[in-house]
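Numbering (this note's numbering), first residue to last: 19 to 294. These notes concern the structure reproduced below.
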């Protein structure tokens with residue numbers, strides 16, 4: 019049996035939160051160890067069949083102000099990683115910052131474990147899970163940091179305006195920022211780009227969910243409508259979240275961070291509870 023919660027149309031109530039790519043206010047500054055020598059990587063060959071598709075993808079990212087063209091000299095030039103998604107044929111553009119990562123100073127902000135989160139969910143009967151829309155890209159960088167992420171392409175050099183996937187500080191930096199945004203709200207747990215909202219009653223959960231969506235709107239953080247989930251069983255969210263965290267960790271060995279759509283993607287934004 020499916021029952022609508024009181025927050026039955028979050029898209030209508032908070033349209034900005036579910037539209038486009040958000041942008042948090044304070045820019046991120048990448049801290050560099052000056053004793054590490056900069057590296058300029060040569061361009062990688064791109065298959066001829068992907069060149070036009072790559073050109074279009076770069077243009078889309080430029081239009082979204084995720085990247086910009088670079089004409090000035092830069093000390094660092096990174097390689098570009100292009101992955102074609104098998105199901106959609108769309109390209110995923112990543113930075114290969116293996117040399118840059120040797121120079122980046124981490125902030126060493128502790129990431130919560132699944133056990134940490136579930137312990138704090140004691141008594142929760144209603145939970146919702148929000149997924150930040152391209153989370154890292156919602157964190158803009160200052161100009162100095164942007165130039166550190168310069169990369170080669172067949173169409174010239176670009177740099178990231180938003181924090182790219184792959185740099186070794188990304189998870190900790192984003193976790194720290196999101197944690198700070200919601201630290202004074204009750205019934206909220208953050209795990210990198212996931213936001214969990216819980217309550218012991220449906221009313222408490224719904225009130226907290228409104229507070230979270232309102233905070234998102236205030237600070238410029240956007241979430242994906244199609245990935246919003248609400249369950250009346252803590253175990254349902256716990257199992258789904260545990261599997262998703264495992265996939266993040268596994269994929270992170272290669273790229274630092276990679277989104278995985280998973281099997282729980284929904285075509286529409288639903289805020290439902292399931293009674294068992």
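Just so it is clear, CB atoms sit at the ideal spot from N, CA and C, and this is done for glycine as well. It should be emphasised that the depicted structure is a prediction, and the values quoted were computed from it without experimental measurement.
Rounded to a whole number of angstroms, what is the C-alpha to C-alpha distance between residue i and residue j?
{"i": "residue 139", "j": "residue 216", "result": "7 Å"}
{"i": "residue 60", "j": "residue 106", "result": "29 Å"}
{"i": "residue 221", "j": "residue 228", "result": "11 Å"}
{"i": "residue 177", "j": "residue 108", "result": "21 Å"}
{"i": "residue 36", "j": "residue 74", "result": "25 Å"}
{"i": "residue 162", "j": "residue 123", "result": "15 Å"}
{"i": "residue 63", "j": "residue 242", "result": "34 Å"}
{"i": "residue 32", "j": "residue 172", "result": "40 Å"}
{"i": "residue 85", "j": "residue 76", "result": "8 Å"}
{"i": "residue 102", "j": "residue 79", "result": "16 Å"}
{"i": "residue 110", "j": "residue 237", "result": "27 Å"}
{"i": "residue 201", "j": "residue 70", "result": "45 Å"}
{"i": "residue 127", "j": "residue 66", "result": "42 Å"}
{"i": "residue 30", "j": "residue 210", "result": "26 Å"}
{"i": "residue 179", "j": "residue 98", "result": "15 Å"}
{"i": "residue 93", "j": "residue 166", "result": "8 Å"}
{"i": "residue 49", "j": "residue 219", "result": "44 Å"}
{"i": "residue 164", "j": "residue 104", "result": "30 Å"}
{"i": "residue 152", "j": "residue 182", "result": "10 Å"}
{"i": "residue 68", "j": "residue 100", "result": "9 Å"}
{"i": "residue 312", "j": "residue 43", "result": "Any question about residue 312 goes unanswered here, given that the chain covers just 19 to 294."}
{"i": "residue 34", "j": "residue 131", "result": "31 Å"}
{"i": "residue 204", "j": "residue 188", "result": "26 Å"}
{"i": "residue 150", "j": "residue 212", "result": "6 Å"}
{"i": "residue 54", "j": "residue 170", "result": "21 Å"}
{"i": "residue 232", "j": "residue 51", "result": "39 Å"}
{"i": "residue 208", "j": "residue 141", "result": "18 Å"}
Note the first and the last residue of the continuous alpha helix (DSSP H) segment covering residue i.
{"i": "residue 135", "result": "132-138"}
{"i": "residue 118", "result": "116-121"}
{"i": "residue 75", "result": "66-81"}
{"i": "residue 44", "result": "Element bounds for residue 44: n/a, residue is neither H nor E."}
{"i": "residue 129", "result": "Where residue 129 is concerned, there is no enclosing alpha helix (DSSP H), given that its DSSP letter is neither H nor E."}
{"i": "residue 190", "result": "188-200"}
Taking only three categories from DSSP, how would you classify residue i?
{"i": "residue 183", "result": "coil"}
{"i": "residue 57", "result": "coil"}
{"i": "residue 217", "result": "strand"}
{"i": "residue 87", "result": "strand"}
{"i": "residue 234", "result": "helix"}
{"i": "residue 207", "result": "strand"}
{"i": "residue 158", "result": "strand"}
{"i": "residue 149", "result": "strand"}
{"i": "residue 269", "result": "At residue 269, the pLDDT of 44 sits below 50, so the modelled position is not reliable; the number obtained from the coordinates is stated separately. Helix, per DSSP."}
{"i": "residue 173", "result": "coil"}
{"i": "residue 109", "result": "strand"}
{"i": "residue 178", "result": "strand"}
{"i": "residue 261", "result": "The predicted model places residue 261 with a pLDDT of 47, which falls under 50 and marks its position as unreliable, so this point remains unresolved."}
{"i": "residue 300", "result": "Nothing about residue 300 can be read from this structure; the chain reaches only from 19 to 294."}
{"i": "residue 92", "result": "coil"}
The ligand GTP and residue i: does any heavy atom of the ligand fall closer than 6 Å to the residue's C-beta?
{"i": "residue 70", "result": "As far as ligands go, the structure on display features none, and thus does not contain the ligand GTP."}
Could you check whether residue j and residue i sit closer than 7 Å to each other, using their CB atoms as the reference points?
{"i": "residue 168", "j": "residue 88", "result": "yes"}
{"i": "residue 96", "j": "residue 72", "result": "no"}
{"i": "residue 129", "j": "residue 193", "result": "yes"}
{"i": "residue 45", "j": "residue 175", "result": "no"}
{"i": "residue 113", "j": "residue 82", "result": "no"}
{"i": "residue 125", "j": "residue 190", "result": "yes"}
{"i": "residue 223", "j": "residue 154", "result": "no"}
{"i": "residue 214", "j": "residue 120", "result": "no"}
{"i": "residue 115", "j": "residue 185", "result": "yes"}
{"i": "residue 230", "j": "residue 206", "result": "yes"}
{"i": "residue 156", "j": "residue 234", "result": "no"}
{"i": "residue 225", "j": "residue 47", "result": "no"}
Beta strand (DSSP E) containing residue i: first to last residue?
{"i": "residue 102", "result": "97-102"}
At least one CB of chain C closer than 7 Å to the CB of residue i: is that the case?
{"i": "residue 239", "result": "Here chain C cannot be found, since the structure has a single protein chain."}
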